[in-house]
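Next up, the structure:
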């Protein structure tokens with residue numbers, strides 16, 4: 001049973017049926033409206049999305065672009081996004097950009113073409129805003145960025161206090177007597193990694209520990225990246241390692257083991273994110289936890305609120321981190 | 001610029017525009033067609049999906065339901081699905097069922113309502129096929145199940161040879177001299193886990209090792225499930241452990257360490273799936289690899305082929321496993 005059948009039986013056009021069902025049929029006569037509604041009732045017709053939305057444009061669909069769906073951080077963000085959308089009857093068209101700016105753009109274009117009501121874009125890249133903005137600076141489509149602040153804007157920021165999180169992690173190491181502290185950072189210009197890096201650097205500075213260029217290695221934020229980065233860093237005389245994220249720390253564990261060293265006896269390690277898996281590593285990983293699920297949840301909430309109230313400013317939201325002490329750090333013997 | 005503008009300027013109905021753009025406008029006069037196409041050209045109008053598809057019903061969208069998007073197995077399956085769909089310009093509406101049959105059903109209903117062209121349903125549950133089938137047994141909508149065979153059917157099966165995979169894993173342990181071999185299984189009635197269990201059992205039988213009920217513990221197929229299950233199994237005098245999946249093995253590693261035992265010195269461990277992370281565990285995990293990405297890829301391929309050729313039978317596809325030897329197993333000292 002389609003809208004075509006309803007239109008045919010009521011002797012009106014599809015547009016007429018659509019507008020009446022969407023309560024935009026004021027311009028039609030009461031007779032026409034009654035005729036259409038009677039057929040709808042008789043056929044037990046439930047408008048499908050295409051018919052229903054051709055006029056109202058309420059597709060109850062949002063697009064979401066992430067760099068990698070198999071990344072434990074982003075899959076947790078998606079879970080948070082879905083939690084809120086699901087409660088409201090919205091669905092997600094999910095797109096995997098594979099960390100490519102070009103693919104992000106293609107997906108955004110395709111999503112615009114598909115009349116999604118809004119877009120959540122999680123990206124490690126500076127985003128080509130022209131795809132999302134009109135020439136006059138207004139939004140082409142409501143959108144929220146999960147970019148940790150890399151794209152400057154004064155509303156709709158969802159930002160974890162990364163500087164503070166990193167600072168506390170490194171300070172913890174310093175308080176345990178470590179002065180040779182390496183960092184696994186990221187080779188792209190991620191703002192958040194930059195912020196984690198600044199937290200690291202500022203802490204060393206505050207404790208008058210000279211900063212050493214060779215204590216920083218930049219790699220992908222993956223297990224493999226952490227493994228390769230740690231192999232390189234272990235050439236240096238470091239007694240502690242602050243990792244750009246938990247996945248890097250998992251790779252670092254392996255590299256440290258292969259180098260014949262033990263955690264935390266020979267080297268202390270701290271991760272970042274607070275993934276569940278860190279509880280199960282041997283030893284369990286001390287990590288800077290951030291509320292990943294909540295970041296997704298609020299991205300969805302702010303987007304839907306913005307769709308419903310397009311004239312109101314989108315709020316900013318700042319999330320705090322928490323240093324979760326487990327078993328991968330140890331007081332330096334000589335301290 | 002919407003289809004309404006085109007219709008208004010051409011002086012025809014929206015349906016007329018839609019049908020002409022979808023090359024279903026044979027019944028209109030050449031003049032009408034030319035008028036519409038001229039306006040379309042003038043406005044540089046690209047039909048949006050709702051207008052374009054109201055008639056053709058080609059939404060180029062498929063729905064996909066998975067039990068848990070943060071599960072490393074399912075996120076890899078999604079990656080495979082997207083790889084194929086992406087090449088063809090299809091997009092995915094992704095739904096997270098949270099392992100709930102009820103939620104699966106709600107999502108399927110919602111997807112049907114949204115005119116997706118097909119559904120991929122990854123589920124650990126016997127599926128309520130009435131949602132997907134008409135009363136006469138025909139399909140309500142093209143669909144592919146990634147259920148590892150739990151729902152019986154004679155076409156569209158995507159099945160890994162789990163029995164063989166499990167058998168080879170256990171045989172490897174037996175060949176290393178192990179006779180006290182525990183298994184971390186799953187508490188639901190997963191067919192594949194059952195098949196893995198049968199492979200385990202048959203191998204013991206073939207090597208005349210008496211099967212012991214208390215060597216089997218059933219838990220969730222998660223890191224936490226593996227941790228709890230292994231804690232329980234370590235009460236038994238086992239020298240080797242076959243895990244229902246790699247994620248369980250990660251949890252088992254932790255439990256074994258807490259029990260003061262070393263892998264593989266005191267206990268040999270084998271996982272199942274072949275996740276990338278198994279290379280980085282300490283020690284690296286011997287595992288039964290299955291082609292997870294390919295399973296997703298073929299699910300998408302078979303679905304699209306079926307959408308395009310609805311009268312042809314959907315093929316079955318069987319995937320082989322491969323025992324990947326790493327460093328978590330060892331010949332029994334006494335052997």
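Chains as they are written, first to last, in the UniProt record's numbering: chain A, 1 to 335; chain B, 1 to 335.
From the three backbone atoms N, C-alpha and C, an ideal C-beta is built for every residue, glycine too.
| field | Whole-angstrom distance between residue 118 of chain A and residue 143 of chain B, CA atom to CA atom | value | As a position in the second chain, residue 143 of chain B is number 143, starting the count at 1. As a position in the first chain, residue 118 of chain A is number 118, starting the count at 1. Spanning the two alpha carbons is a distance of roughly 28 angstroms.
| query | Leaving out the 5 sequence neighbours to the left and right, which residues in its chain are closer than 7 angstroms to residue 140 of chain B when beta-carbon positions are compared? | reply | One-based indexing of the second chain puts residue 140 of chain B at position 140. Cβ within range, chain order: 112, 132, 133, 134.
| task | Identify the contact partners of residue 251 of chain A in chain B, using a Cβ-Cβ distance below 9 angstroms as the criterion. | result | The sequence position of residue 251 of chain A within the first chain is 251, counting from 1. Result: 280.
| task | Check the C-beta distance from residue 222 of chain A over to residue 178 of chain A and give it rounded, since I have them as a contact under 8 angstroms. | result | Counting from 1 along the first chain, the entry for residue 222 of chain A is found at position 222. Counting from 1 along the first chain, the entry for residue 178 of chain A is found at position 178. With a Cβ gap of about 25 angstroms, residue 222 of chain A and residue 178 of chain A do not count as contacting.
| Do we get a CB-CB distance below 9 angstroms when we pair residue 140 of chain A with the residues of chain B? | Counting from one through the first chain, the residue named residue 140 of chain A turns up at place 140. Answer no: the Cβ-Cβ gap between residue 140 of chain A and chain B never drops below 9 angstroms.
| For residue 192 of chain B, which residues of its own chain have a beta-carbon under 6 angstroms away from its beta-carbon, when the five flanking residues on both sides are left out? | The count along the second chain starts at 1 and reaches residue 192 of chain B at position 192. Residue placement at residue 192 of chain B is poorly supported in this model, since its pLDDT is 46, which falls under 50; the coordinates are not used for a value here.
| message | For a test of the three-state rule: what should DSSP assign to residue 279 of chain A, helix, strand or coil? | response | Sequence index remark: in the first chain, residue 279 of chain A carries index 279 (1-based). Residue 279 of chain A falls in the helix class under three-state DSSP.
| said: Is residue 95 of chain A close to chain B? Criterion is C-beta to C-beta, closer than 9 angstroms. | reply: Position 95 of the first chain, counted from the start, is the residue given in the question as residue 95 of chain A. For residue 95 of chain A, the answer is yes, since a Cβ of chain B falls inside 9 angstroms of its Cβ.
| request: Quick one: which residues of the stretch 307-335 of chain A get their C-beta closer than 7 angstroms to a C-beta of chain B? List them in chain order. | output: none
| task | Please name the residue in A:122, A:14, A:90, A:228 whose C-alpha comes closest to that of residue 104 of chain A. | result | Taking the first chain and counting its residues from 1, the one referred to as residue 104 of chain A is at position 104. It is A:122.
| field | Near-chain A residues of the stretch 281-303 of chain B - C-beta to any C-beta below 7 angstroms | value | 282
| request: Could you spell out where the alpha helix (DSSP H) holding residue 232 of chain B opens and where it closes? | output: Here residue 232 of chain B refers to the residue found at position 232 of the second chain. Element bounds for residue 232 of chain B: 223-233.
| task | Tell me whether residue 38 of chain B is buried or exposed, calling it buried when 16 or more other Cβ atoms sit within 10 Å of its Cβ. | result | Here residue 38 of chain B corresponds to residue number 38 of the second chain, with the count starting at 1. Result: exposed.
| query | Can you list the alpha helix (DSSP H) stretches of 4 or more residues lying completely in the stretch 161-198 of chain A, in chain order? | reply | 162-175
| query | Can you pull the DSSP bridge partners for residue 243 of chain A? | reply | For the purposes of this step, residue 243 of chain A is taken as residue 243 along the first chain, with counting starting at 1. Paired residues: A:184.
| said: Just to confirm the assignment, what range does the alpha helix (DSSP H) spanning residue 28 of chain A have? | reply: Along the first chain, one-based indexing puts residue 28 of chain A at 28. Where residue 28 of chain A is concerned, there is no enclosing alpha helix (DSSP H), given that its DSSP letter is neither H nor E.
| Inter-residue spacing [alpha-carbon to alpha-carbon] between residue 176 of chain A and residue 277 of chain A | As a first step, residue 176 of chain A must be located in the first chain, where it is residue number 176. As a first step, residue 277 of chain A must be located in the first chain, where it is residue number 277. Whole-angstrom Cα-Cα distance: 25 angstroms.
| Chain-order list of residues whose beta-carbon lies under 7 angstroms from that of residue 74 of chain A (same chain, five-residue window excluded) | One-based indexing of the first chain puts residue 74 of chain A at position 74. Cβ within range, chain order: 66, 67, 68, 122.
| said: Tell me which residues of the stretch 205-227 of chain A have at least one Cβ-Cβ distance to chain B shorter than 7 angstroms, keeping chain order. | reply: 223, 227
| said: Strictly under 9 angstroms for the Cβ-Cβ distance: is residue 42 of chain B near chain A by that measure? | reply: The count along the second chain starts at 1 and reaches residue 42 of chain B at position 42. Taking Cβ atoms only, chain A never reaches closer than 9 angstroms to residue 42 of chain B, which makes this a no.
| field | Limits of the unbroken alpha helix (DSSP H) element including residue 296 of chain A | value | In the first chain, counting from the first residue as 1, residue 296 of chain A sits at position 296. 292-308 is the extent of the alpha helix (DSSP H) around residue 296 of chain A.
| request: Can you tell me which of A:258, A:15, A:267 puts its alpha carbon nearest to the alpha carbon of residue 279 of chain B? | output: The sequence position of residue 279 of chain B within the second chain is 279, counting from 1. Cα-wise, what sits closest to residue 279 of chain B is A:258.
| request: Take the Cβ of residue 233 of chain A as the centre, count every other Cβ of all protein chains shown within 10 Å, and call the residue buried at 16 or more, exposed below. | output: Here residue 233 of chain A refers to the residue found at position 233 of the first chain. When all chains shown are included, residue 233 of chain A counts as buried.
| field | Beta bridge counterpart(s) of residue 289 of chain A as assigned by DSSP | value | Here residue 289 of chain A is taken as the residue at index 289 of the first chain, counted from 1. Beta-bridge pairing links residue 289 of chain A to A:273, A:322.
| In this structure, what does DSSP give as the bridge partners for residue 317 of chain B? | For the purposes of this step, residue 317 of chain B is taken as residue 317 along the second chain, with counting starting at 1. Residue 317 of chain B is bridged to B:158.
| message | For residue 295 of chain A and residue 158 of chain A, I'd like the C-alpha separation in whole angstroms. | response | In the first chain, the residue the question calls residue 295 of chain A occupies position 295. In the first chain, the residue the question calls residue 158 of chain A occupies position 158. Each residue's Cα considered, the two are about 7 angstroms apart.
| task | On the DSSP bridge assignment, give the partners of residue 122 of chain A in chain order. | result | Residue mapping note: residue 122 of chain A aligns to position 122 of the first chain, counting from 1. In the DSSP output, where bridge partners are listed per residue, residue 122 of chain A has A:146.
| task | Could you tell me whether any Cβ in chain A is nearer than 9 angstroms to the Cβ of residue 82 of chain B? | result | Here residue 82 of chain B refers to the residue found at position 82 of the second chain. Chain A contact via Cβ: present.
| Inter-residue spacing [alpha-carbon to alpha-carbon] between residue 59 of chain B and residue 325 of chain A | Counting from one through the second chain, the residue named residue 59 of chain B turns up at place 59. Counting from one through the first chain, the residue named residue 325 of chain A turns up at place 325. So the alpha carbons of these two residues sit roughly 50 angstroms apart.
| message | Once DSSP output is grouped into helix, strand and coil, what is the label at residue 332 of chain B? | response | Counting from one through the second chain, the residue named residue 332 of chain B turns up at place 332. Three-state DSSP puts residue 332 of chain B in coil, outside helix and strand.
| request: Pick out whichever of B:4, B:168, B:34, B:93 has its Cα sitting closest to the Cα of residue 287 of chain B. | output: Here the question's residue 287 of chain B lines up with position 287 in the second chain. It is B:168.
| query | For a contact meaning CB atoms closer than 7 angstroms, what does residue 248 of chain B contact in chain A? | reply | Here residue 248 of chain B refers to the residue found at position 248 of the second chain. Per Cβ cutoff of 7 angstroms: no residues; residue 248 of chain B is ~11 angstroms from chain A at best.
| said: Taking the straight line between their C-alpha atoms, what separation do you get for residue 229 of chain B and residue 314 of chain A? | reply: Start at 1 with the first residue of the second chain, and residue 229 of chain B comes out as number 229. Start at 1 with the first residue of the first chain, and residue 314 of chain A comes out as number 314. Straight-line Cα distance between these residues: approximately 46 angstroms.
| message | At the 9 angstroms Cβ level, is residue 76 of chain A part of the contact set with chain B, yes or no? | response | Position 76 of the first chain, counted from the start, is the residue given in the question as residue 76 of chain A. Yes, contact with chain B.
| field | Enclosing beta strand (DSSP E) for residue 94 of chain A [first to last residue] | value | Against the first chain, residue 94 of chain A aligns to sequence position 94. Residues 91-96.
| field | Option nearest residue 106 of chain B by Cα separation, candidates B:152, B:262, B:95 | value | Counted from its first residue, the second chain places residue 106 of chain B at position 106. Minimum Cα distance to residue 106 of chain B is reached at B:95.
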